[in-house]
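Chemist: Below you'll find the structure I mean.
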Amino acid sequence: MNAIDATDRHIKSTDGPPPSLLAIILDTNPHAWAHLSSILPLSKAVASLLVFINAHLASGNANEVAVIASHSQRTHWLYPTPTLPTPHSTSTSNGHDANGTVPENANKYRPFAVIETAILSNLTTLLNSTTASSLSATSTTQISGALSTALSYISKSHIRHSPVDPTINDHSTITTPDTDGILGQQRVSLTSRILILSVSGDLANQYIPVMNAIFAAQRQRIPIDILKLAGDTVLLQQACDATGGIYMAPESPQGLLQYLMMGFLPDATARRALVLPSAGSVDFRAACFCHRKVVDIGYVCSVCLSIFCIPSLPDSKCLTCDSHLSLSTTLTVTPALIPRKKKKRKRGPGESATPAGSSTPAPGSGTPTHS
Amino acid sequence: MADSDGEYVQDASDDEYLGGINSYGTRTQGKGKVRARENARPQQAWESAIRTGLDTFKEAADGTIQQSVQEREEERKRKRLRKDARPFQRGIIRHVVLVLDLSEAMLEKDMRPNRYITIIKYTQEYVREFFEQNPISQMSVMAMHDGLCLRVSELSGNPTDHIGAIQGLRFPKNPRDVPKEPKGSPSLQNALELARATLYHTPSHGTREVIIILGALLSLDPGDIHATIKSCVRDRLHVNVIGMGGRLRICQEIVGRTNAGDESGYVVATDQESLRDLLLATTTPPVIRSTAAETFSGEMETTATPAESAASLLMMGFPSRIIDNVPTLCACHGNLTRGGYTCPRCSVKICSLPATCPGCHLTVILSTHLARSYHHLFPLRLWKAVSWHKAKKKGSRECVGCLSLFPDPPAEETEASNGIIADDASDSEVDDKAEEEVGQQKASESSRYQCRSCKSHFCIDCDLFCHEVLHNCPGCLSQANSSAAVVQDVNTDVAMIG
Chain R
1 MNAIDATDRH IKSTDGPPPS LLAIILDTNP HAWAHLSSIL PLSKAVASLL
51 VFINAHLASG NANEVAVIAS HSQRTHWLYP TPTLPTPHST STSNGHDANG
101 TVPENANKYR PFAVIETAIL SNLTTLLNST TASSLSATST TQISGALSTA
151 LSYISKSHIR HSPVDPTIND HSTITTPDTD GILGQQRVSL TSRILILSVS
201 GDLANQYIPV MNAIFAAQRQ RIPIDILKLA GDTVLLQQAC DATGGIYMAP
251 ESPQGLLQYL MMGFLPDATA RRALVLPSAG SVDFRAACFC HRKVVDIGYV
301 CSVCLSIFCI PSLPDSKCLT CDSHLSLSTT LTVTPALIPR KKKKRKRGPG
351 ESATPAGSST PAPGSGTPTH S
Chain C
1 MADSDGEYVQ DASDDEYLGG INSYGTRTQG KGKVRARENA RPQQAWESAI
51 RTGLDTFKEA ADGTIQQSVQ EREEERKRKR LRKDARPFQR GIIRHVVLVL
101 DLSEAMLEKD MRPNRYITII KYTQEYVREF FEQNPISQMS VMAMHDGLCL
151 RVSELSGNPT DHIGAIQGLR FPKNPRDVPK EPKGSPSLQN ALELARATLY
201 HTPSHGTREV IIILGALLSL DPGDIHATIK SCVRDRLHVN VIGMGGRLRI
251 CQEIVGRTNA GDESGYVVAT DQESLRDLLL ATTTPPVIRS TAAETFSGEM
301 ETTATPAESA ASLLMMGFPS RIIDNVPTLC ACHGNLTRGG YTCPRCSVKI
351 CSLPATCPGC HLTVILSTHL ARSYHHLFPL RLWKAVSWHK AKKKGSRECV
401 GCLSLFPDPP AEETEASNGI IADDASDSEV DDKAEEEVGQ QKASESSRYQ
451 CRSCKSHFCI DCDLFCHEVL HNCPGCLSQA NSSAAVVQDV NTDVAMIG
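Residue numbers (this note's numbering), protein chains in the order written: chain R, 1 to 371; chain C, 1 to 498.
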């Protein structure tokens, strides 16, 4: 065909690496950042993070980013900016136009500036809306909500980018003007990953939702990377291990930018060729539900799968689901010894010094052994 | 609650446990009830008028059917959501025998390339999904071939064993073996007997299930299959049958009698896609029924029949992972591996989990395997469709999960306003409940779906993703302290089917 009409009609093939979506979850737990403030204040961390985001965007034309703050009380979108519900309004303004107030700066690449202003303004609103009373209520962070939100955002992006796009006709409004132009070549599968910048420990109260999120990520083949600046949670370590992400707990958080750039910038395509920082040993041991003891051998309720460290529960009822547990006798009853009858006969005839039960000759006459 | 006719069910199961009354006796005795039920029988597909797909589309005001098509698409998507909204006690520890049909009926070409190759493909997928959903369960695969029932793989918890064995049917590992081609007739009796023997020694806290994929419309049995059914009931087997082509009376009877009168376990696949869906639907752990025997638990201890599922404490080992400098042999397969797990009781090295320790028969698992089953126990409640009126009241413009924009509400407020007020009054919480119970899943006119506890609005794709994959509600978890409350709420709700 090309030869006949002499036009150079090459089909645009996707030669570069596939576009990658990076979802960043920034743990903004005020308690934890207050502890860290002498080493690494939040403002510095955010500045480093912005540089990292720019690096990610710069490393691929079609790369995308999504940033979610996991605050002490709620999760909050930092980028893209969500449109707040406005009751009884029929205005049709696009949500992404809200970031239209980007300061004109000739020295800055515009996409960088858009994201930067959006993140900073959203973070400011979040911090301003935090009251002292809400802080005293809890000291943890809503990491499970942030993970769930990030995963559903990624899953929607996958649908949008899949070669056969079912939604593109229905929701033509969702494609923002700037992505419209490159949509044709974007129709290759998206690789995505999640980076959690975590500062708080103890997520035990969110065990089930976080676990659900981990399994969802595992199924979607989305690696979860963790950069642990403070605190320590086994849960996040397991998340990395299960999804094949990178776990890093740097000793000196001041070098945050370097850790980010060296450890977390390569996407899934590049990681295949790199030697990745290893998580080391992951603690897989389970803690029992009754005493929070770490157990090697535990007893599991067959109805609700709670773990207990002792087989004898009060009233033989499961502490979690209250179902009656019929303990199998092999667990609770110590095996009975069958008394030997022969020994008495043996003792009768003569040698009274030989201790009972030993068929071998006694080593010494007066050696006291068990009887 | 598929079986509302509780009394009838009770009768049937009592008969089986006593074993004294023969089948003729039950038939005459239950005649009145049977007739009463016949009146309420739903219309069969062939009795209803012919429906073409076309007349269900509605034309919108501007003459396009875009809206209608989109709604149908969403409806189809939502239909796939299973209706396990209420948390039931489920049999998490399952023992399943999967019986494949390798009779000559499987050479039919109504599925491409033929039924046999299709089923080999789907069962491999099924095994993977099954162990994903039920990590601490056991499975065995069998095949009905030329009147006999062959054991394809032994009862084990390792998916690769089964997948290898299923592949080995067509492409045997030993080159001297001939590949199995579908031949002869199937025998349901032989299959049930072999399954019964396989599941005989499994512990009472687990379920005993048989899933039969039957392509043929006959069963060539050497003896009385009714006697076999009776002994299956006595051994507490639950049989599910996935048929192809048509319904069989005998399958209906097998499924009904072994599931305490509930015949919903017998389904017939109409095409390839529905076969896959029906097969994958059985990966969800079954609901546990409280039996008649369990209600008088006092005398229970002395009677011979054990309770349906005697809950018990299981001893399990939680090993630590080791990485050796030099490769060592694992005790389970005899392979040289560097990484592995050591059994906490006998310190034997095991290469993959979950497993039964080859040294001391302790069940060795990771705590993450247990966590994988939690979403069956604490399922996410179904979300409800949002009307235009409510959408307007809330003013939501984008999905809470993925930030994609919703379509804007229509402008014509004046003509609909009368209807809306009436609609609003009836649209109470009671209505809600009923809808959830029935499991009615309709597409939303406003393309919004609302979580019942946090009142956030989501799009159809997030609805599917959250219910099928994530099992979390991003809205609930993103709000202060609601996450703990939700879990608590669900926890107290765990019910048993009576």
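For each residue, glycine too, the CB sits at the ideal point set by N, CA and C.
1) Report yes if the C-beta of His389 of chain C is less than 7 Å from at least one heavy atom of the ligand SAH; otherwise report no.
2) Can you pull the chain C residues whose beta carbon is under 9 Å from the beta carbon of Ser136 of chain R, in chain order?
3) Taking the alpha-carbon of Asp241 of chain R as reference, which of R:Ile24, R:Tyr259, R:Cys301 and R:Asp225 has the nearest alpha-carbon?
4) Is Leu188 of chain C closer than 8 Å to Ile242 of chain C when the C-beta atoms are compared?
5) Have a look at the DSSP bridge pairing and note the partners of Phe458 of chain C.
6) At a CB-CB cut-off below 7 Å, which residues of chain C make contact with Asp296 of chain R?
7) Would Tyr153 of chain R pass as a contact of Cys402 of chain C if the rule is Cβ separation under 8 Å?
8) Establish whether the CB of Gly244 of chain R and some CB of chain C are separated by less than 8 Å.
9) For the segment 277-286 of chain C and the segment 131-143 of chain C, state whether three or more C-beta atom pairs, one from each stretch, are separated by less than 8 Å.
10) Provide the residue(s) that pair with Asn240 of chain C in DSSP beta bridges, ordered along the chain.
11) Buried or exposed, going by whether 16 or more other CB atoms sit within 10 Å of the CB of Leu329 of chain C?
12) Taking 8 Å as the cut-off, does the segment 68-83 of chain R touch the segment 121-136 of chain R (at least 3 CB pairs, one atom from each stretch)?
13) Identify, in the order they occur along the chain, each residue of the same chain with its Cβ nearer than 7 Å to the Cβ of Pro277 of chain R, setting aside the five sequence neighbours on each side.
14) Put Thr522 of chain C into one of helix, strand or coil per three-state DSSP.
15) How big is the Cα-Cα spacing for Gln73 of chain R and Leu227 of chain R?
16) If contacts are defined as beta-carbon pairs under 8 Å, then Thr207 of chain C and Ser140 of chain C qualify, I think. What distance do you get, rounded to the angstrom?
17) Between the alpha carbons of Ser373 of chain C and Ile92 of chain C, how many angstroms are there, rounded?
18) Name the DSSP beta bridge partners of Cys149 of chain C, please?
19) CB Trp383 of chain C to CB Gln450 of chain C, shorter than 8 Å?
20) Check Ala273 of chain R in the structure and name its three-state DSSP category.
21) Between the segment 246-278 of chain C and chain R, which residues of the former have CB atoms less than 8 Å from a CB of the latter, in chain order?
22) Across which residues does DSSP place Ser192 of chain R in a beta bridge pair?
23) Which of helix, strand or coil does DSSP assign to Asp364 of chain C?
24) For Ser162 of chain R, I'd like the list of residues in its chain whose CB is within less than 6 Å of its CB, leaving aside the five on either flank, ordered along the chain.
25) Note down, in chain order, every chain C residue with its Cβ under 7 Å from the Cβ of Val303 of chain R.
26) Can a CB atom of chain R be found closer than 8 Å to the CB of Asp461 of chain C?
27) Rounded to the nearest angstrom, how far is the Cβ of Val295 of chain R from that of Phe406 of chain C, given a contact under 8 Å?
28) Quick one: what's Gly339 of chain C bridged to in DSSP?
29) Along chain C, which residues have their Cβ under 7 Å away from the Cβ of Ala216 of chain R?
30) Show which residues of chain R have a CB atom less than 8 Å away from the CB atom of Tyr374 of chain C.
31) Of all the CB atoms in chain C, is at least one closer than 8 Å to the CB of Ile226 of chain R?
32) CB Tyr79 of chain R to CB Ile119 of chain R, shorter than 8 Å?
33) Return no unless some Cβ of chain C is closer than 8 Å to the Cβ of Ile159 of chain R.
34) I'd like to check one pair, Cys351 of chain C with His333 of chain C: are the Cβ atoms closer than 8 Å?
35) What are the boundary residues of the alpha helix (DSSP H) that Ser70 of chain R is part of?
36) Is Met142 of chain C near Val97 of chain C, with beta carbons less than 8 Å apart?
Modeler: Straight from the coordinates:
1) Absence of the ligand SAH is noted for the structure shown, with no ligands found whatsoever.
2) Within 9 Å Cβ-Cβ: nothing; Ser136 of chain R doesn't reach chain C, min ~13 Å.
3) R:Asp225
4) no
5) C:Tyr449
6) Gly317, Phe318 and Pro344
7) For the pair Tyr153 of chain R and Cys402 of chain C, the CB atoms are nearer than the 8 Å cut-off.
8) no
9) yes
10) C:Ile211
11) exposed
12) Cβ pair count under 8 Å is three or more, so yes.
13) Ile246, Met248 and Gly263
14) Outside the shown range of chain C (1 to 498) lies residue 522 of chain C, about which nothing can therefore be said.
15) 21 Å
16) With 8 Å as the limit, Thr207 of chain C and Ser140 of chain C do not qualify as a contact, their Cβ atoms being about 14 Å apart.
17) Looking at the two C-alpha atoms, the distance is approximately 7 Å.
18) C:Met144
19) yes
20) coil
21) none
22) R:Leu21
23) Note on identity: in this sequence residue 364 of chain C is Val, with Asp being the wrong assignment. Strand, per DSSP.
24) none
25) Gln89 and Ala311
26) At least one chain R Cβ lies under 8 Å of Asp461 of chain C.
27) Contact annotation, Val295 of chain R with Phe406 of chain C: C-beta distance approximately 49 Å; criterion of less than 8 Å not satisfied.
28) C:Ile323
29) Val469 and Leu470
30) Ile208, Met211, Asn212 and Leu305
31) no
32) With contacts defined by Cβ atoms closer than 8 Å, Tyr79 of chain R and Ile119 of chain R form a contacting pair.
33) yes
34) yes
35) Not the alpha helix (DSSP H): Ser70 of chain R falls in the beta strand (DSSP E), residues Glu64 to Ser70.
36) Yes; because the gap between Cβ atoms is below 8 Å, this pair is in contact.
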